[in-house]
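In my numbering, the protein residues as written are 410 to 689.
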């Protein structure tokens with residue numbers, strides 16, 4: 410899981426550093442081509458194309474792809490306009506938003522400790538984005554919107570049958586994102602010539618995304634969730650390090666405090682989930 414988080418942040422860093430001069434649709438489509446190729450090769454090597462997609466899951470898979478496309482657009486927009494550590498910190502609220510919507514939409518458990526964790530988690534987010542202050546970045550709202558779309562994606566994923574191949578679902582999602590990127594380029598007609606170094610950077614970014622997928626899927630499939638999930642927070646360590654090394658970004662005190670609160674709230678959520686599973 411630590412390697413997966415490294416892969417995600419390395420991808421984000423490359424995109425932020427090299428692709429800021431490209432339209433988002435162009436970045437999405439070029440990177441998407443390479444990601445789709447890598448995932449296709451992996452599916453072929455694992456004979457995943459022989460695995461089934463349950464027909465009744467198709468509407469959910471399509472809806473999942475739509476939410477992932479929207480999340481990608483909003484996230485990349487925020488990434489290019491915000492400090493790396495800040496946008497990564499906002500993503501750390503995902504366990505809290507999934508818990509909240511899981512209770513509201515799926516009727517999952519929602520006790521005192523989870524409510525407590527969510528309440529303080531969102532206080533942490535307010536400290537990070539600083540609404541109403543001179544340090545407020547409007548693009549924080551894009552990052553929050555990305556979290557909401559990712560949350561809906563996770564809720565939809567829980568409704569998809571376990572009989573549908575996770576690898577094919579990932580491939581369908583990657584392909585959908587790529588197609589939407591090209592469609593956006595056709596509609597906006599704002600693509601620009603791509604320099605060789607940027608093309609190589611996007612190829613490298615796609616490799617890191619693939620590495621993240623490759624290590625996160627078996628970690629969640631075969632590792633105990635209560636043990637593996639907290640290691641997602643190592644993403645913040647990589648984000649702070651890369652933000653400093655490549656962009657000279659140093660989180661301010663309020664951001665650090667907010668980040669610590671968000672991580673503590675997420676760990677409390679994982680702990681309560683682990684305790685409940687052991688009891689049952």
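A virtual CB, placed ideally from N, CA and C, is assigned to each residue, including glycine.
Check: Contact defined as beta carbons within less than 8 Å: I believe residue 548 pairs with residue 487. What is the distance between those atoms, to the nearest angstrom?; Outcome: 5 Å
Check: At the level of alpha carbons, what is the spacing between residue 507 and residue 438?; Outcome: 28 Å
Check: Please give me, in chain order, every unbroken run of the alpha helix (DSSP H) with length at least 4 that falls completely inside the segment 499 to 572.; Outcome: 503 to 515, 521 to 538, 549 to 568
Check: So which of 673, 645, 656, 657 has the shortest CA-CA distance to residue 414?; Outcome: 645
Check: Let's test the definition: count the other Cβ atoms within 10 Å of the Cβ of residue 596 and tell me whether it reaches 16, buried, or not, exposed.; Outcome: exposed
Check: Which one of 570, 623, 555, 647 has the shortest CA to CA distance from residue 475?; Outcome: 555
Check: Over the uninterrupted alpha helix (DSSP H) stretch that includes residue 648, give me the two end residues.; Outcome: 643 to 656
Check: Thinking C-beta only, is residue 550 closer than 7 Å to residue 530?; Outcome: no
Check: In the structure shown, what three-state DSSP assignment does residue 491 receive?; Outcome: coil
Check: Starting from residue 464, trace the alpha helix (DSSP H) in both directions and tell me its first and last residue.; Outcome: Per DSSP, residue 464 belongs to no alpha helix (DSSP H) and is neither H nor E.
Check: Run through DSSP, which three-state label would residue 456 get?; Outcome: coil
Check: Is the distance from the Cβ of residue 578 to the Cβ of residue 470 below 7 Å?; Outcome: yes
Check: Label residue 435 either buried or exposed according to how many other C-beta atoms from any shown protein chain fall within 10 Å of its C-beta, with 16 as the threshold for buried.; Outcome: buried
Check: Contact between the segment 600 to 611 and the segment 451 to 467: three or more CB pairs below 8 Å?; Outcome: no
Check: According to DSSP, is residue 602 part of a helix, a strand, or is it coil?; Outcome: coil
Check: Could you give the DSSP three-state label for residue 577: helix, strand or coil?; Outcome: helix
Check: Note down, in chain order, each residue of its chain lying with its Cβ closer than 6 Å to the Cβ of residue 611, except the 5 sequence neighbours on either side.; Outcome: 439, 440
Check: Touch check for the segment 649 to 662 and the segment 489 to 496: three-plus C-beta pairs under 8 Å?; Outcome: yes
Check: Under a three-way DSSP split, which group does residue 616 fall into?; Outcome: helix
Check: Looking at the secondary structure, which residues open and close the alpha helix (DSSP H) in which residue 413 lies?; Outcome: 411 to 427
Check: Hey, is the segment 669 to 676 in contact with the segment 523 to 540, meaning 3+ C-beta pairs nearer than 8 Å?; Outcome: yes
Check: Cβ atoms of residue 560 and residue 514: under 7 Å apart, would you say?; Outcome: no
Check: Look at the Cβ atom of residue 591, then the Cβ atom of residue 422, and state whether they are nearer than 7 Å.; Outcome: no
Check: Going by CA-CA distance only, name the one from 603, 613, 533, 594 that's closest to residue 668.; Outcome: 533
Check: One question on the structure: do residue 600 and residue 593 come within less than 7 Å of each other, judged by their Cβ atoms?; Outcome: no
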